Amino acid sequence: MKKIFHLLILCCMLIEKSDAQKQGQAKIDSLLNALRTYNSGCNVPCLNDSIKVKNFLFLVKEYKYVKPDSAMIFCIEALRFTQTIKWQLGEGRTYHLMGALYDDKGEYFQALKNYSKALDIWEKLSKNNENPPLIKYQKATTLGNMGIVSMEQGDFPKALDYYFKALKIDEDIQNKSGIARHLDNIGLAYWSQRNFSKALEYNFKALKLSEEINYNEGIAHNLGNIGSIYSEQGNDSIALEYYSKALKKCQELNDKKGVGLWLSSIGNAYTNMKQYPEAFEILLKALKISQELNDKNNIAVLLFDVGSAHHATKNYPEAEKYMLQAISISDSIGAINLKRQIETELSEVYSQSNNYKKALEYYKAAMIAKDSLFNEEKTQEITRKEMNYEFDKKETATKAEQEKKDAIAKQELEKQKLLRNSIAGGAGVVVLSSIFSFFFYKRKRDAVEKQQKAEQKQKETSLSLQVSETEMKALRSQMNPHFIFNALQSIQTFLLSNKSEDANTYLLKFSKLMRLVLENSQHSEVSLKEDMQALELYMQLESIRLAHPFTYDFHIDESVDVEETTIPPLILQPFVENAIWH
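Counting in the working numbering, the sequence shown runs from 4 upward without gaps.
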């Protein structure tokens, strides 16, 4: 039955490929004919030639996966035209497409170089206020692609920086498909750092949004990435379900690269489930597709996957052959994270085949790469990127609210000013006739006011001291010194036990909890949702630290609005702490 199923998949792919090729070739012929017969009506290059540029860029997209070299030629020609007619929007789009072509070939330096040129153009056009929504859309798309390239290079903090910047722009222009893409990519960055709970959180958000707007390409990526997270957690049967759904979507979209990607993931799932014949069959199909597309990154990944499958069947010579090819390609394209993973497994292959010298050599190389990818500084930088995004988001909302209040206050002041002027005009005659009485009254009133101000100032000073003292007491009550001491001691224990990754994870959660406590202590009340976030971090830390971990769950009545309901900060924490300890 499984073989029949795979044959059906292959038949569907061949039928779709044939139909797509016919449709694609017809479109290409039409565009080429339009270029041959095009006449701008100008004696010299003019803005009318932008139509010609657009035809070139359409051809780039059609040739992108079929003939990448031809696509690059059309890009270069489009760039020449845009610069001749000084059409900056077209020039930016061309640089963006050139970046995508280099990315597909695994030439990351050239990809980032062209994306940066596109980004410079978007910045210039933004300053000139030329079609702001369109330029913001282009800028967010370019930033998102730069994040993808940084991910492929293993630079996760830089990738997250690009993703959060792109997310902020697309939220500003309400581009939901862009928001879904960035959420998905942020999840992927966390997954690469093995923060699976955070990865699933962002990917499920992305999937929900993609389904709401019927964004099929996004749905395919979201489904596949969720499958990858479950696979990393050892749930390959669940992962296989998500991979199959992603594959089906890509086949419907005639997305050849996506088909190859999710076929490779299905093959890996079969390897993990020890169904090796099925794994080899599907992985080699995926490898063939990537080679047809000249997608160097995926070629390296699939060579590694095939090598891993041979490793699992103890066919060490074949495993070595495929993995060495994968290392060579990943090194040539600067895929540091992928190279580290291959070196780690190749070290095991050599060890199990009794070649200990080679095993030690590749183990050392993998550890050097690991230190550069997962050091504490990068972990802290990732946290800062997320905090900066959240802070900017809150700051924007606060600024808008303050501007609204200022406008209301200004209007009220103008009303009062008008009222005062009217009273002053009507009372002028009375003031002149009663000037002596007024002087006596004013002297007496000034004396009374001076005394009242002195008393008021004394009361305000006393109240300010009481508030400060109360705030300090509240902060001390929320930050249990005994808990902080235990937390720091746990981090030290992890480090002494050479559990650096556990220490990093624990330190990340601990620092986030301290930040929440300090932020919440500034308010007499916070939303139930914010308090639950702090409480959950506290429980995660206690569960990791204690010798006997425990499980927990939150049950909140559906009638309770967690975002609108407010409570004193960490009011529930002492009860939870007592429950854990006693």
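Quick reminder that beta carbons are idealized off the backbone N, C-alpha and C, glycines included. In this text the structure is predicted, and so the values were computed from the model without any measurement.
Taking the runs of the alpha helix (DSSP H) that are 4 residues or longer, which of them lie wholly in the segment 237-293? 239-256 and 259-275
How would you label residue 125, buried or exposed, when you count the other beta carbons within 10 angstroms and need 16 or more for buried? Here residue 125 refers to the residue found at position 122 of the sequence shown. By the 10 Å Cβ count, residue 125 comes out buried.
Assuming contact is defined by CB atoms lying nearer than 8 Å, are residue 336 and residue 110 in contact in what I supplied? Taking the first residue of the sequence shown as 1, we reach residue 336 at position 333. Taking the first residue of the sequence shown as 1, we reach residue 110 at position 107. Yes.
Hey, residue 327 and residue 309: beta-carbon distance below 8 Å or not? Taking the first residue of the sequence shown as 1, we reach residue 327 at position 324. Taking the first residue of the sequence shown as 1, we reach residue 309 at position 306. No, Cβ-Cβ distance for residue 327 and residue 309 is not below 8 Å.
Taking 7 Å as the cut-off, is the C-beta of residue 210 nearer than that to any heavy atom in the ligand MN? As presented, the structure is devoid of all ligands, the ligand MN included, so that no description of it is given.
Secondary structure at residue 530, three-state DSSP: helix, strand or coil? Here residue 530 corresponds to residue number 527 of the sequence shown, with the count starting at 1. In the structure shown, residue 530 sits in a strand (DSSP, three-state: E or B).
When you compare only the Cα positions, how much space is there between residue 87 and residue 74? Locating residue 87 in the sequence shown gives position 84, counting from the first residue. Locating residue 74 in the sequence shown gives position 71, counting from the first residue. Roughly 20 Å separates the two Cα atoms.
On the three-state DSSP scale, how would you describe residue 411? For this step, residue 411 is matched to residue 408 along the sequence shown. Helix.
Every unbroken alpha helix (DSSP H) inside the segment 297-341 [4 residues or more]: 299-315 and 319-336
Label residue 234 either buried or exposed according to how many other C-beta atoms from any shown protein chain fall within 10 Å of its C-beta, with 16 as the threshold for buried. One-based indexing of the sequence shown puts residue 234 at position 231. Counting Cβ neighbours within 10 Å, residue 234 comes out buried, since at least 16 surround it.
Is residue 85 helix, strand or coil by DSSP? Here the question's residue 85 lines up with position 82 in the sequence shown. Correct three-state label for residue 85: helix.
C-alpha distance - residue 345 paired with residue 332, whole-angstrom precision: By 1-based counting over the sequence shown, the position of residue 345 is 342. By 1-based counting over the sequence shown, the position of residue 332 is 329. Whole-angstrom Cα-Cα distance: 11 Å.
Among the residues of its own chain, which have a CB less than 7 Å from the CB of residue 185, if the five just before and after it don't count? To locate residue 185, count along the sequence shown from 1; it is residue 182. Here the set comprises 147, 166, 169, 170 and 173.
Once DSSP output is grouped into helix, strand and coil, what is the label at residue 554? The count along the sequence shown starts at 1 and reaches residue 554 at position 551. Three-state DSSP puts residue 554 in coil, outside helix and strand.
Rounded to the nearest angstrom, what separates residue 588 and residue 177 at their Cα positions? Within the shown structure, residues of the chain are numbered from 4 to 585, placing residue 588 beyond reach of any answer.
In this structure, what does DSSP give as the bridge partners for residue 569? In the sequence shown, the residue the question calls residue 569 occupies position 566. In DSSP, residue 569 forms a bridge with 530.
Tell me the rounded alpha-carbon separation between residue 132 and residue 122. Along the sequence shown, read from residue 1 onward, the residue named residue 132 stands at position 129. Along the sequence shown, read from residue 1 onward, the residue named residue 122 stands at position 119. Spanning the two alpha carbons is a distance of roughly 15 Å.
Tell whether a beta-carbon distance below 8 Å holds between residue 206 and residue 228. Here residue 206 refers to the residue found at position 203 of the sequence shown. Here residue 228 refers to the residue found at position 225 of the sequence shown. Their beta carbons are under 8 Å apart, which means residue 206 touches residue 228 by this criterion.
Residues near residue 13 by beta carbon distance below 6 Å, same chain, minus five either side: Here residue 13 corresponds to residue number 10 of the sequence shown, with the count starting at 1. Because the pLDDT at residue 13 is just 32, under 50, the model does not fix this residue reliably, and the point stays unresolved.
Would you call the CB atoms of residue 253 and residue 282 closer than 8 Å? Reading the sequence shown from its first residue, position 250 is the one you call residue 253. Reading the sequence shown from its first residue, position 279 is the one you call residue 282. Going by C-beta atoms, residue 253 is not nearer than 8 Å to residue 282.
Measuring CA to CA, which of 85, 541, 572 and 562 is closest to residue 553? On the sequence shown, position 550 is the one that residue 553 refers to. Of the listed residues, the one whose Cα sits closest to residue 553 is 541.
Just to confirm, is the Cβ distance from residue 305 to residue 267 under 8 Å? Within the sequence shown, residue 305 is the residue found at index 302, counting from 1. Within the sequence shown, residue 267 is the residue found at index 264, counting from 1. The answer is yes: Cβ separation under 8 Å.
Neighbour-count burial assignment, residue 357, 16 or more Cβ in a 10 Å radius: Walking along the sequence shown from the start, residue 357 turns up at place 354. Exposed.
Just to confirm my understanding: we take residue 201, look at its own chain, exclude 5 residues before and 5 after, and list those with CB closer than 6 Å. What are they? Numbered from its first residue, the sequence shown carries residue 201 at position 198. Answer for residue 201: 193, listed in chain order.
For the candidate residues 215, 508, 153 and 256, whose alpha-carbon lies nearest to that of residue 106? Mapped onto the sequence shown, residue 106 falls at position 103. Considering only alpha carbons, the answer is 153.
Measuring CB to CB, does residue 312 end up less than 8 Å from residue 279? Taking the sequence shown and counting its residues from 1, the one referred to as residue 312 is at position 309. Taking the sequence shown and counting its residues from 1, the one referred to as residue 279 is at position 276. Yes, the pair counts as a contact, with Cβ atoms nearer than the cut-off.
Helix or strand or just coil, what does DSSP make of residue 157? Numbered from 1 along the sequence shown, position 154 holds the residue referred to as residue 157. Residue 157 falls in the coil class under three-state DSSP.
I need the straight-line Cα distance from residue 363 to residue 370, nearest angstrom please. Walking along the sequence shown from the start, residue 363 turns up at place 360. Walking along the sequence shown from the start, residue 370 turns up at place 367. Between residue 363 and residue 370, the C-alpha separation is close to 11 Å.
Given that a residue counts as buried once 16 or more other Cβ atoms are within 10 Å of its Cβ, and exposed if not, what is residue 83? Against the sequence shown, residue 83 aligns to sequence position 80. Burial call: exposed.
Residue nearest to residue 57 in terms of C-alpha spacing, selected from 81, 219 and 161: As a working note, residue 57 is residue 54 in the sequence shown. The option with the nearest alpha carbon to residue 57 is 81.
Taking its Cβ as the centre, do 16 or more other Cβ atoms sit within 10 Å of residue 556, making it buried, or is it exposed? Counted from its first residue, the sequence shown places residue 556 at position 553. So residue 556 counts as exposed.
Do you know how far the Cα of residue 72 is from the Cα of residue 191? Taking the sequence shown and counting its residues from 1, one reaches residue 191 at position 188. Taking the sequence shown and counting its residues from 1, one reaches residue 72 at position 69. Straight-line Cα distance between these residues: approximately 30 Å.
Which residue from 264, 269 and 274 puts its Cα closest to that of residue 293? The sequence position of residue 293 within the sequence shown is 290, counting from 1. Among 264, 269 and 274, the Cα nearest to that of residue 293 belongs to 264.
I'd like the list of long-range same chain contacts for residue 155, defined as Cβ closer than 7 Å, with 5 residues on each side in sequence excluded. Here the question's residue 155 lines up with position 152 in the sequence shown. Once the five neighbours on either side are set aside, the close Cβ partners of residue 155 are 111, 300 and 338.
Any idea if residue 330 is buried or exposed, counting beta-carbon neighbours within 10 angstroms, 16 or more meaning buried? Sequence index remark: in the sequence shown, residue 330 carries index 327 (1-based). Burial call: buried.
First and last residue of the uninterrupted alpha helix (DSSP H) at residue 579: Along the sequence shown, one-based indexing puts residue 579 at 576. Taken as a continuous stretch (DSSP letters only), the alpha helix (DSSP H) holding residue 579 covers 576-584.
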